[in-house]
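Asker: My questions all concern the structure below.
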Amino acid sequence: MRATLAATLPAGNETVVERLRRGIAEAGFDCNCREAANDMLDRAGLEEELVRRAGGLADARKMRDAIVIVLALLGELDELMPDEPDRSAFHEIEGLFQDVADFAAYGATAAIRAAGQGNA
């Protein structure tokens, strides 16, 4: 049973619909139900793509909101002087800039997901 289960696990980025479509093709069905199955899989694929795109858009918005919060925290930069006795403040600012970079990178990836397949 385990070998059969391992063979059905997703390979790479293949979607559930793609795996089902491949399974139907490999089964070699010779009936009228193949067209109905393909139509159903087309609809399911569109729904799956919309869910993926909505998730990408939601993630991009979350990253935007996180960046806004970090930018507010970076306002403390205006209060620092070069001779600041607490040098750890500069390390905290560095960390905030790194957070912005990380959030922006993830947001960019999420925006690509929101664009959908074929629009990267």
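Quick note: the sequence shown, position 96, residue 96 per full-length UniProt numbering, numbers continuous.
We treat Cβ as the ideally placed atom computed from N, Cα and C, and that holds for glycine.
Nothing here was measured: the structure is a model prediction, and the numbers come from that model.
Is the Cβ of R53 closer than 7 Å to any Cβ of chain D?
Answerer: Checking the listed chains, one finds no chain D in this structure; it contains a single protein chain.
Asker: Measure the alpha-carbon distance for E94 versus R61 and round it to whole angstroms.
Answerer: Distance between the alpha carbons of E94 and R61: 23 Å.
Asker: What residues in its chain sit with their C-beta under 6 Å from that of A111, if we drop five residues either side in the sequence?
Answerer: Only A60 meet the Cβ criterion.
Asker: For M1, name the three-state secondary structure that DSSP assigns.
Answerer: Reliability of the predicted coordinates at M1 is poor, the pLDDT of 41 falling under 50, and the value obtained from them is presented with this limitation in mind. Here M1 sits in coil by DSSP.
Asker: What span of residues does the alpha helix (DSSP H) with C33 cover, start to end?
Answerer: Its alpha helix (DSSP H) spans residues C33 to L73.
Asker: Where does R22 sit, in a helix, a strand or coil, going by DSSP?
Answerer: R22 falls in the helix class under three-state DSSP.
Asker: Could you tell me the boundaries of the alpha helix (DSSP H) in which Q117 lies?
Answerer: That residue, Q117, is in no alpha helix (DSSP H); it is neither H nor E in DSSP.
Asker: Since I believe A54 is in contact with F103 (beta carbons under 8 Å), could you give me their beta-carbon distance rounded to a whole number of angstroms?
Answerer: The pair is not a contact, with the Cβ atoms about 20 Å apart (cut-off 8 Å).
Asker: Specify the secondary structure class of T15 as computed by DSSP and reduced to three states.
Answerer: If DSSP states are grouped into helix, strand and coil, T15 belongs with coil.
Asker: Between which residues of its own chain and G116 is the CB-CB distance below 7 Å, once the five residues before and five after are set aside?
Answerer: Same-chain partners within the cutoff: E49 and R53.
Asker: Within this structure, are the beta carbons of G45 and V17 separated by less than 7 Å?
Answerer: Contact: yes.
Asker: Determine, using beta carbons only, whether A114 and G56 come nearer to each other than 7 Å.
Answerer: The answer is yes: Cβ separation under 7 Å.
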